[in-house]
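Asks: Dropping a structure here in structure tokens format, bear with me for questions.
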Amino acid sequence: MLWVDKYRPKTLDKVLVHEDVAQNLKKLVTEQDCPHLLFYGPPGSGKKTLIMALLRQMFGASAEKVKVENKNWKVDAGSRTIELELTTLSSTHHVELNPSDAGFQDRYIVQEIIKEMAKNRPIDTKGKKGFKVLVLNEVDKLSREAQHSLRRTMEKYSASCRLILCCDSSSKVTEAVRSRCLNIRVNAPKGDEIVKVLEFIGKKEGLQLPSGFAARIAEKSNRSLRRAILSFETCRVQQYPFTNNQVIPSMDWEEYVFEIASDIMKEQSPKRLFQVRGKLYELLVNCIPPEIILKRLLYELLKKLDFELKHEVCHWAAYYEHRMRLGQKAIFHIEAFVAKFMSIYKGFLIATFG
Amino acid sequence: MLPFILRKTYVPQQGDIRKWFMKQHDKEKDNGNAPKPAKPALAIPGKASTAKDASSSSPAKSVQGGQESSGRRKTSKYFASEKQNQEDAKEASGPTSKRKVEKSSADVQPPPVKKLHTVIDDDDDFVLPKTGKSSAEMTPSKKLKSGSGKGIPSASAKKETDDVDDTPANAKSSGRGRGRRGGAVGGRGKKLENEEGDDDDDDEDAKVVKSGGRGRGGRGGSAAAGGGGRGGGRGGFMPFGERKDPPHKGEKEVPEGSPECLAGSTFVISGTLDSLEREEAEDLIKRHGGRVTGSVSKKTTYLLCDEDIGGRKSETAKKLGTTFLTEDGLFDMIRASKPKGTIKEEAPKVTIKEEVKKQVEKRTASLPKPSPHKAVKKKDEVHEPARSESLQWTEKYKPKVPNDIIGNQSLVKQLHDWLNNWSANFANGASKGKGKKQNDSGAKKAILLSGTPGIGKTTSAKLVSQMLGFQTIEVNASDSRGKADSKIEKGIGSSKANSVKELVSNQSLNADMNSTKQPKAVLIMDEVDGMSAGDRGGVADLILSIKMSKIPIICICNDRYSQKLKSLVNYCLLLSFHKPTKQQMAKRLAQIAKAEGLQVNEVALEELASRVNGDMRMALNQLQYMSLSMREIKYDDIRQRLLSSSKDEDMSPFTAVQKLFDFNGGKLRMDERFDLSMSDADLVPLIIQENYINHRPCSIKKDENGVQRMNMIARAADSIANADIINVQIRRYQKWQLFPSSALQSCIIPAALMHGSREVLEQGERNFNRFGGWLGKNSTMGKNYRLLDDAHVHLLSSLQFNLGRTTLCLEYLSLLLKHMTDPLKSQALTKDEAVEKVVEFMDEYSISQEDFESLMTISKFQGRPNPLEGVVPAVKAALTRAYNKGSKCRVIRTADLITLPGIKKAPKKRVAAMLEPLDDGVVADSDVAQNDENNSDAEDLEGTGDGEEEKPKVDIESLSSKGIQIQMGSKAAGTKRAPAGRGRGGGGAASKRKR
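For the protein sequence lines, the chains are C and E, in the order given. Each residue of the first sequence is one higher than the one before, counting from 1 in the UniProt record's numbering. Each residue of the second sequence is one higher than the one before, counting from 1 in the UniProt record's numbering.
Here you go:
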């Protein structure tokens, strides 16, 4: 089993980072009632872990008896019926789903399926909790319409159902939804926290950690605990015993984006743009979300860029990222960004060096 | 823009021309064919040369002061003879002047001409202003390229060009005035296609220089400016990869010879020519009456090539003894066709329009290589054709006998036979006719002719019937053809539909009386695919009619695959008419032209034929229309006319994109651009998006470092991205009113920015617009997401993992793969150990073999090592085996992945099984225990070591049945006790019991 999964704390008491949050949650739940919750924070900060631990706290071990279901739903939307496929993870007490998987039809999931689930009160065994919990992942990816549909559901069925929302950025969740929830911010863990966790794992696994090695991994992980543990294990698979200057590998796709960035910096020509397009397609085809590509690309470009251009380039990246969300064919927008960058950068180079 | 203005100035004259024709008629009767007496010159502003006109009554001179010529051809001579310099009375001839006198105010049109000219200069939108500059800009390149003296005269300023005029002797005689011309033309910034424009104002200079190739410089100039401004509507389609640019592209001046000087010669072009693009060369040859074919045959007169590249063409040519001709040779030939004398006095080369007789005499006398038969023909036939008849040519020259029909003779024959045998086949059996049914072709009671419009279907049907003595009854779309009332009596005399039915069902009275010689009738149902809403039940009724018909029925349609006719085709003998070839058409057109006294050379007619896309009717109409305004029609006329008003043909999105991106794409009118981009509103934008990078915008003049081009690309990309946003609004929110904006943003703006010559960005790529890559990539992406989804569900069901699929893809994937592939690659582990380790890992995360594959696919990046690289095939095979071996115990977890053999796609509804937490050993056990036979499998799993040794056997036996049974398990799933194991176990159990 991967270490990330193996050493994921199962209960609120065992968490290593965000102990304060965990304790607060525990108190909240033990007082027998809990409001709707919205967990937000950067990826790899432990939102999901907290949620799972919270569920266990609420329902006991039975919350871990989960069933995976991949179901087709037929939703009646006026004149036509829409077929939706949705994967849910459910126990007797909670249902977890990812409504944004349905793409632009997520509205129907919220309107029909979630409502349907929220309506049904769980059979009350032995006077346990009188409500069920719906865990919705990636709420920030929900379309505006879907979020609007959500807020009514939150109020109307609050007697029988609690929602736990989980997302990376709360700014993409509408005000209305946010105000109906208890917002819990889960910070990205600090470097030393990550080091602590890594050392804990190292000890459990009986590994020799050279001093500073964990710190390097933590630094490279960009404050994502998950990333840190994953690359820690990757290092372990790659080479053991660790050496102090061991290369900490990055993800394949990140290296690929890095390649693209250096391609762009090296030459700005139609030919290069054409090659870059091919590489971008390659990333997209391999299921890398376009926003992440664009973000990473900007990150790599900024590292190499002259100071005076950074501002402008960031502006354009934001501009095209926004438009990409309005549009549908992501590649067009990324390509437009690359073309824009090339045009700016080339102009800059020539103005500077003649 | 050009066409628009042209039309404006031009159209109003048509009425006048008609009138004029009538007048001319009378006049010519009076005057014979003698040239009109010179009218007193009209005082037209801008014309300098009345004196000169007076001095030479020869029609050869068109002296035009500083007046820029219009886009019209062939006028100068005529007008000169008329003592008129007015360019724009181009349609007019002798009598025009008279008309002019009458309404000179209306016809004096220099202002429009001026305007026209200036507009032309910058009508290429998005182009940096180039009018005044172009000569200067052009020069460097010319100088660079030109090794010979030719280029030298192309000095940057007009002044210099004048100098050159004085020293024509310096230049090679064959290159007389070339550079000068180029320069001069450049100086004017002229990009007109019709070089005649230049002719006229070059005349003056041309007298000073020996005017070798006056006017043609226009082309040279524009070609130099941007790499071949011509190529017109032909589209520079190059199917065979990229051909090199001609080494001295645009440097030589292209000569102008007599229009018939190459008549009778057939050319084949091979390889790269010295200065002409292949299309240009083809154009040049055609203009001078030659033919250009694709491959060498006995008929080929010349093989045009500058370097012997030793391809198939030249081999064949050597074998056949074909003459090799270089480009210069060709130029010389053309030039030679114009004898000195003629040149000296500015011979009428192209511009004969009226007074044909005189012209012809002159020409035949002066031209060294006139095509004899043409000349004779002209002489013979130019005298008054029966013009006054208002009959349309299409009617007038309708085929009179079946043999006149162009093309499709075999079909006509078939039709003839069928009709001929019809009575034999059906006359007797008509009453009981249903007995013999549609077996052989003769047995069909009706016939269905199909083919594109204007290729003679109706005509054939009528002619054949006529010839066989049938009386034809034609019913077409103008008649109501709906379902007849059930009672025929009711309909008599009223509804046509009923009369049709009546017609076909009643045997004519006299038929009974006299069985041998009866006036037979045939029903021609024209345009059956046009049976529309108004003709409810029309087709069904027609079929009914066919069944009971006592007369033959000929149905005619355009599209035989039309949905409406689906039922009808079963009852008909199908004959598909083809388009006649352009040679066939040209032949017939030539006959007609001859009969009408029109001078058209064969090449021009072939061009016409190919332009109208096989539609004879349209060709004739065009020809008639042109005959109204000119007596002699030439290749260029046809090209020009049909450029704008060509037949709407089905255009592939590639052609549309090609036109938009074409070098001349900037000259298109806006509505044309919209038409092009909407010819396929889905594909054209995608193709544009795919290819815009490949075009080198011709609007950019100097761009050493490519900054401007990069800017253009950025703008184009931005616009394409805009279009994407608009498209979302259109499709998702049904805002179709944004459709034009979408077309504008996705096609027109990028094309306007980027249009120019296409270049290849990748080695070995064909220089032809690629199909939009987005569709393919998108579908691959969709597929990969599905695969990822499957894998994700399995990972989830392992309960070790509870994160989203994006996380899986972004962060887990690398490590997962490492765990799955590294042991296989490592040297430290033996094969079995490695495999075992991997299988164990996969089991832990419920990764199935398929998931393994799909994760591999997703993590593969082009240009990076495949994660499976370095894994020996034997190990892979071992892995598969080991996995399959262990798969029994995985039945529940991965049940949803297994498909039924009969059903291709995995059933939509997938249910993964419920799983107990792993640590709960008892539950797991009991879970398995419930599946009676499966039980043993589970035990095998538990007692791993020895269990596995036995499994192969089980596998072999159970493998075949496994698929289905496991599926059943998954169907029943959700419950723990998947009966899955049961049936399968049956096979397996037996063997296991042995243990």
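C-beta atoms are modelled at their ideal positions from N, C-alpha and C, and glycine is treated no differently.
(1) Chain C beta carbons: is any one of them nearer than 8 Å to that of Gln-689/E?
(2) Under 9 Å Cβ-Cβ, which residues of chain C neighbour His-819/E?
(3) Identify the contact partners of Trp-774/E in chain C, using a Cβ-Cβ distance below 9 Å as the criterion.
(4) Please list the partners that residue 359/C has in chain E, where partner means a Cβ-to-Cβ separation under 7 Å.
(5) Assign Trp-736/E to one of two classes, buried (16 or more other C-beta atoms within 10 Å of its C-beta) or exposed (fewer than that).
(6) If Ile-164/C and Val-135/C are in contact, beta carbons under 8 Å, what's the gap, nearest whole angstrom?
(7) Please tell me whether, using a cut-off of 7 Å, the distance from the CB of Trp-253/C to the nearest non-hydrogen atom of the ligand ADP is below it.
(8) By the criterion of Cβ-Cβ separation under 8 Å, what are the contact partners of Lys-777/E in chain C?
(9) Could you tell me whether any Cβ in chain E is nearer than 8 Å to the Cβ of Met-154/C?
(10) Look at the alpha carbon of Tyr-281/C and the alpha carbon of Phe-768/E, and state the distance between them as a whole number of angstroms.
(11) Of the residues Glu-869/E, Leu-796/E and Arg-766/E, which one's Cα is nearest the Cα of Leu-817/E?
(12) Answer with buried or exposed for Asn-245/C, where buried requires no fewer than 16 other C-beta atoms within 10 angstroms of its C-beta.
(13) Beta-carbon within less than 6 Å of Met-651/E's beta-carbon, same chain only, minus the 5 sequence neighbours each way: which residues are those?
(14) Using a 10 Å radius around the Cβ and a threshold of 16 neighbouring Cβ atoms, would you call Asp-919/E buried or exposed?
(15) Quick one: Cα of Phe-258/C to Cα of Lys-279/C, how far?
(16) Measuring straight from C-alpha to C-alpha, what distance separates Ala-53/C and Gln-275/C?
(17) Comparing C-alpha positions only, which one of Tyr-845/E, Ala-609/E, Leu-829/E and Ala-595/E sits nearest to Gln-583/E?
(18) If I follow the unbroken alpha helix (DSSP H) through Met-856/E, where does it start and stop?
(19) If you run the structure through DSSP and keep just helix, strand and coil, what is Met-525/E?
(20) Applying the criterion that 16 or more other CB atoms from any shown protein chain within 10 Å of the CB defines a buried residue, is Phe-661/E buried or exposed?
(21) Say whether the region 64-83 of chain C touches the region 682-697 of chain E, bearing in mind that this needs 3 or more beta-carbon pairs closer than 8 Å, one atom from each stretch.
(22) Work out the CA separation of Leu-744/E and Leu-84/C for me, nearest whole Å.
(23) Helix, strand or coil, according to DSSP, for Cys-698/E in the structure here?
(24) So does the region 634-641 of chain E actually touch the region 590-604 of chain E, counting three or more Cβ pairs closer than 8 Å?
(25) List the endpoints of the continuous beta strand (DSSP E) containing Glu-69/C.
(26) Grouping DSSP H, G and I as helix and E and B as strand, with all else coil, what is Gln-640/E?
(27) Strictly below 7 Å CB to CB, what residues from chain E border Ala-339/C?
(28) Could you tell me which chain C residues have their CB closer than 7 Å to the CB of Leu-815/E, listed as they occur along the chain?
(29) Let me know if Phe-307/C comes out buried or exposed under the rule of 16 or more other beta-carbons within 10 Å of its beta-carbon.
(30) Determine whether the Cβ of Gly-347/C lies closer than 8 Å to any Cβ atom of chain E.
(31) How about Val-838/E: is its C-beta nearer than 8 Å to some C-beta of chain C?
(32) Which value, in whole angstroms, describes the spacing of the CA atoms of Gly-191/C and Lys-220/C?
(33) Sort Ser-343/C, Pro-43/C, Leu-198/C and Val-4/C by Cα distance to Arg-185/C and report the nearest one.
(34) Could you tell me the distance, in whole angstroms, from the CA atom of Leu-810/E to the CA atom of Lys-303/C?
(35) Using CA coordinates, which residue listed in Phe-104/C, Phe-131/C and Leu-273/C is at the minimum distance from Val-95/C?
(36) Spell out whether any CB of chain E is found under 8 Å from the CB atom of Tyr-256/C.
Replies: In brief:
(1) Gln-689/E counts as touching chain C.
(2) Listed by position along chain C, the residues whose Cβ is nearer than 9 Å to that of His-819/E are Leu-2, Glu-233 and Val-237.
(3) Against Trp-774/E, the close residues of chain C are Tyr-281, Lys-329, Ile-331 and Phe-332, in the order they occur along the chain (beta-carbon pairs closer than 9 Å).
(4) With chain C covering only 1 through 354, there is no way to say anything about residue 359/C.
(5) The Cβ neighbour count for Trp-736/E, taken over all protein chains shown within 10 Å, is under 16; the residue is labelled exposed.
(6) Val-135/C and Ile-164/C do touch by the CB rule: their CB atoms are close to 5 Å apart, below 8 Å.
(7) Because no ligand of any kind appears in the structure shown, any question about the ligand ADP cannot be addressed here.
(8) At a C-beta separation below 8 Å, Lys-777/E has these neighbours in chain C: Tyr-281, Leu-284, Val-285 and Ile-331.
(9) Output row for Met-154/C: interface = no.
(10) Cα-Cα distance, rounded: 21 Å.
(11) Looking at the Cα atoms, Glu-869/E is the closest of the given residues.
(12) With fewer than 16 other Cβ atoms within 10 Å, it is exposed.
(13) The residues are Ser-679.
(14) Note on Asp-919/E: pLDDT 37, under 50, position unreliable in the model; the coordinate value appears next. Its Cβ having fewer than 16 others within 10 Å, Asp-919/E is exposed.
(15) Rounded to whole angstroms, Phe-258/C to Lys-279/C spans 11 Å at the Cα level.
(16) Computed Cα separation, rounded: 47 Å.
(17) Residue Ala-609/E is the option with its Cα nearest to Gln-583/E.
(18) Met-856/E -> alpha helix (DSSP H) spans 849-859.
(19) In the three-state scheme derived from DSSP, where H, G and I count as helix and E and B as strand, Met-525/E is classed as strand.
(20) Counting every other CB atom within 10 Å of its CB across the protein chains shown gives Phe-661/E a total of 16 or more, marking it as buried.
(21) Inter-segment contact for the region 64-83 of chain C and the region 682-697 of chain E is absent: fewer than three beta-carbon pairs are separated by less than 8 Å.
(22) For Leu-84/C and Leu-744/E, the distance between alpha carbons rounds to 35 Å.
(23) Three-state DSSP puts Cys-698/E in coil, outside helix and strand.
(24) As far as the Cβ criterion goes, the region 634-641 of chain E touches the region 590-604 of chain E, which means the pair count is three or higher.
(25) Secondary structure note for Glu-69/C: its beta strand (DSSP E) is the uninterrupted segment 67-77.
(26) If DSSP states are grouped into helix, strand and coil, Gln-640/E belongs with the helices.
(27) Correct list: Ile-713, Ala-714 and Ala-717.
(28) Under the 7 Å cutoff, chain C gives Leu-2, Leu-230, Glu-233 and Thr-234.
(29) Its Cβ having fewer than 16 others within 10 Å, Phe-307/C is exposed.
(30) Yes, because at least one Cβ of chain E sits closer than 8 Å to the Cβ of Gly-347/C.
(31) Taking Cβ atoms only, chain C never reaches closer than 8 Å to Val-838/E, which makes this a no.
(32) The alpha-carbon of Gly-191/C is positioned some 10 Å away from that of Lys-220/C.
(33) For Arg-185/C, the closest C-alpha among the options Ser-343/C, Pro-43/C, Leu-198/C and Val-4/C is that of Pro-43/C.
(34) Spanning the two alpha carbons is a distance of roughly 21 Å.
(35) Out of Phe-104/C, Phe-131/C and Leu-273/C, Phe-131/C has the C-alpha closest to the C-alpha of Val-95/C.
(36) Any Cβ of chain E closer than 8 Å to the Cβ of Tyr-256/C would place that residue at the interface, and such an atom is present.
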